[in-house]
Ligand code: GDP
Ligand code: MG
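Numbering (the UniProt record's numbering), first residue to last: 4 to 600.
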């Protein structure tokens, strides 16, 4: 398509403000799919995305639109994820476009991710079209929200478009605004190929599919391309676009978005942000590129049944094919046997991977407590990175431990502010700023990531009845007074339950953990002490009383089938137990103990 008739845009919004619904509506209006193909939320294609109503992978669609000026336009839409764990995907999607539709729920107003996304769009020099969604709701206050956008974000919202993505009202005006208010891409067709590697994934039929934005030149089938960062060359086998169906296409010219496939073996062979050029005629000026997505939260994943280890290995390998941000390596635990130490972008990412492993591959799993990466300076002078509390060096060899901190932005209705400040304070937060946006408070805190990974988001939602929104970015490492807390069951340390904690919070955490385990571990024939300890010092203790009678005693003399049944039931129960010395700990105990505060 001639460049003047191309528009590339992202849809950015806080979660649930209606990005995906609007995207679906745009696809429908441009006739990208027939009525029958138009399933609810076409763009949220993964099962989990559809069920949870969130977008994980950014998606791209090429639409054709006949505008009021009578010309045909190609509109390339990128839907972006709204959750903070996937902020990385937002940034690379934005780099592939010239403009953004900023969708704001007209009944909710500006939220934490609205701000975070808008700042990223402005960093990418985007032209921004504000769109007020959900005007069909009785609670919608478009005029007030326009004012709020101007006050808080500082962009002109006087010509914001009022729409209901649900009913379709106002959506045609969005298409016109894309054409008239967003700039076309600028590129040189005659120059050597220069393309941005936006994303890549594994497709069962096509192999590795690479999503690209062409900056200069032309990408064609049969061409030999070079990835400058990865220092690899490949022959282009197919070139295509998404309408949103995958359709093969003769070529992609400057300003266009599309995909190609070639002899690429794994997603890991492609680096998001890399510059792609022609092997024989290379571009002189590579694109700036991106920092790779780094996992920040780690946990061990083990099969409940040790016999499932090979299945778990296969499943994890398959997941990784499509998710380069997820990392893993083998791990052995005295308590849990063979498993994997896995890295994630955040807690939601962790939950999603766990859920996919158990759902798509039908595996029963135990995950250990999530841990951040600590930097430990040793007496010998060197510094190590600790991904697993079980590998913590002897405390006498440690000079200091540093942990990652983040800066959080929280927006909340005024009435919940007190409870939120207390929550942040309890989590070692340091207040940076507090201001007002209409009747909403906007507070900034510096917090240790360690205090956020467990359940901060859940707690925040609960103390604000769901009204507070939250966004963060990692800032720096700071030295902290951190200690390793071990849990001992019947005198034996359970490695899977050990964690690094802030010394001031250790006793409370230890006590809570012991109390929880006391409820969760069934009584045995003997008394079982459950202890939390730092080094050799016990800081909390509970005791599980011994069983007084044999379970079978009740059936003594009773009929044999009943006795059989009871024994079978116990056996089935056993399979889900883990043995520690003489004690059986049910799988639920790990999950529950690790989940709690
Ligand atoms: P996303 O997280 O930004 O992608 O949001 P979704 O598109 O998934 O929408 C979140 C929820 O808001 C869904 O339940 C939608 O049905 C609903 N929704 C989206 N647009 C509208 C609208 O214009 N009016 C109303 N009443 N609900 C909407
Ligand atoms: Mg969505």
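Cβ atoms here follow ideal geometry from the backbone N, Cα and C, with glycine treated the same way. These numbers were taken from a predicted model, which means no experiment stands behind them.
Could you check which residue in the options has the C-alpha nearest to that of residue i?
i: residue 601; options: 338, 334 and 351; result: Past the edges of the chain, shown from 4 to 600, lies residue 601, and the structure says nothing about it.
i: residue 258; options: 189, 355, 274 and 438; result: 189
i: residue 94; options: 126, 67, 260 and 441; result: 126
i: residue 331; options: 549, 301, 325 and 308; result: 301
i: residue 522; options: 538, 461, 528 and 593; result: 593
i: residue 507; options: 518, 98 and 431; result: 431
i: residue 118; options: 147, 158, 139 and 144; result: 158
i: residue 226; options: 314, 422 and 240; result: 240
i: residue 6; options: 338, 186, 172 and 274; result: 186
i: residue 209; options: 421, 310, 542 and 243; result: 243
i: residue 34; options: 178, 142 and 146; result: 178
i: residue 206; options: 144, 171 and 270; result: 270
i: residue 463; options: 444, 427, 498 and 439; result: 427
i: residue 601; options: 163, 176, 222 and 172; result: Nothing about residue 601 can be read from this structure; the chain reaches only from 4 to 600.
i: residue 509; options: 359, 537 and 497; result: 537
Anyone know if the C-beta pair for residue i and residue j falls short of 8 Å?
i: residue 165; j: residue 130; result: no
i: residue 282; j: residue 228; result: yes
i: residue 447; j: residue 410; result: yes
i: residue 15; j: residue 120; result: yes
i: residue 161; j: residue 136; result: no
i: residue 201; j: residue 267; result: no
i: residue 18; j: residue 116; result: yes
i: residue 471; j: residue 414; result: yes
i: residue 416; j: residue 284; result: no
i: residue 483; j: residue 405; result: yes
i: residue 296; j: residue 328; result: yes
i: residue 298; j: residue 220; result: no
i: residue 64; j: residue 4; result: no
i: residue 134; j: residue 440; result: no
i: residue 544; j: residue 526; result: no
i: residue 278; j: residue 232; result: yes
i: residue 336; j: residue 143; result: no
i: residue 449; j: residue 408; result: yes
i: residue 138; j: residue 109; result: yes
Using the C-alpha atoms, what's the distance from residue j back to residue i?
i: residue 501; j: residue 488; result: 6 Å
i: residue 211; j: residue 323; result: 12 Å
i: residue 236; j: residue 230; result: 6 Å
i: residue 245; j: residue 31; result: 14 Å
i: residue 21; j: residue 547; result: 51 Å
i: residue 264; j: residue 197; result: 17 Å
i: residue 459; j: residue 453; result: 10 Å
i: residue 174; j: residue 155; result: 25 Å
i: residue 72; j: residue 8; result: 11 Å
i: residue 69; j: residue 106; result: 23 Å
i: residue 364; j: residue 204; result: 19 Å
i: residue 292; j: residue 338; result: 43 Å
i: residue 367; j: residue 261; result: 38 Å
i: residue 550; j: residue 381; result: 47 Å
i: residue 348; j: residue 74; result: 43 Å
i: residue 184; j: residue 422; result: 43 Å
i: residue 12; j: residue 451; result: 35 Å
i: residue 397; j: residue 468; result: 44 Å
i: residue 66; j: residue 24; result: 16 Å
i: residue 274; j: residue 504; result: 35 Å
i: residue 321; j: residue 353; result: 16 Å
i: residue 376; j: residue 444; result: 32 Å
i: residue 280; j: residue 224; result: 14 Å
i: residue 306; j: residue 147; result: 53 Å
Taking its Cβ as the centre, do 16 or more other Cβ atoms sit within 10 Å of residue i, making it buried, or is it exposed?
i: residue 512; result: buried
i: residue 516; result: buried
i: residue 392; result: buried
i: residue 529; result: exposed
i: residue 303; result: buried
i: residue 256; result: buried
i: residue 2; result: This structure does not reach residue 2, given that the chain is present from 4 up to 600, and the question cannot be answered.
i: residue 577; result: Note that residue 577 scores 49 on pLDDT, short of 50, meaning its location in the model is unreliable and no value can be drawn from it.
i: residue 170; result: exposed
i: residue 588; result: buried
i: residue 492; result: buried
i: residue 96; result: buried
i: residue 476; result: exposed
If we define contact as Cβ-Cβ less than 8 Å, is residue i a contact residue for chain C?
i: residue 460; result: The structure shown contains no chain C; it is built from a single protein chain.
Which runs of the beta strand (DSSP E), 3 residues or longer, sit entirely within the region 271 to 315?
-> With a minimum length of 3 residues, the continuous beta strand (DSSP E) runs that stay inside the region 271 to 315 are 278 to 281 and 300 to 306.
Beta strand (DSSP E) runs contained entirely in the region 459 to 536, provided each spans 3 or more residues = Listed in chain order, the complete beta strand (DSSP E) runs (minimum 3 residues) inside the region 459 to 536 are 472 to 483, 485 to 492 and 502 to 505.
Scan the region 235 to 271 and note each continuous beta strand (DSSP E) run of 3 residues or more that stays entirely inside, going in chain order.
-> The region 235 to 271 contains these whole beta strand (DSSP E) runs: 235 to 245, 249 to 251 and 260 to 265.
Whole alpha helix (DSSP H) runs in the region 352 to 420 with 4 or more residues, listed along the chain?
-> None, since the region 352 to 420 contains no complete alpha helix (DSSP H) of that length.
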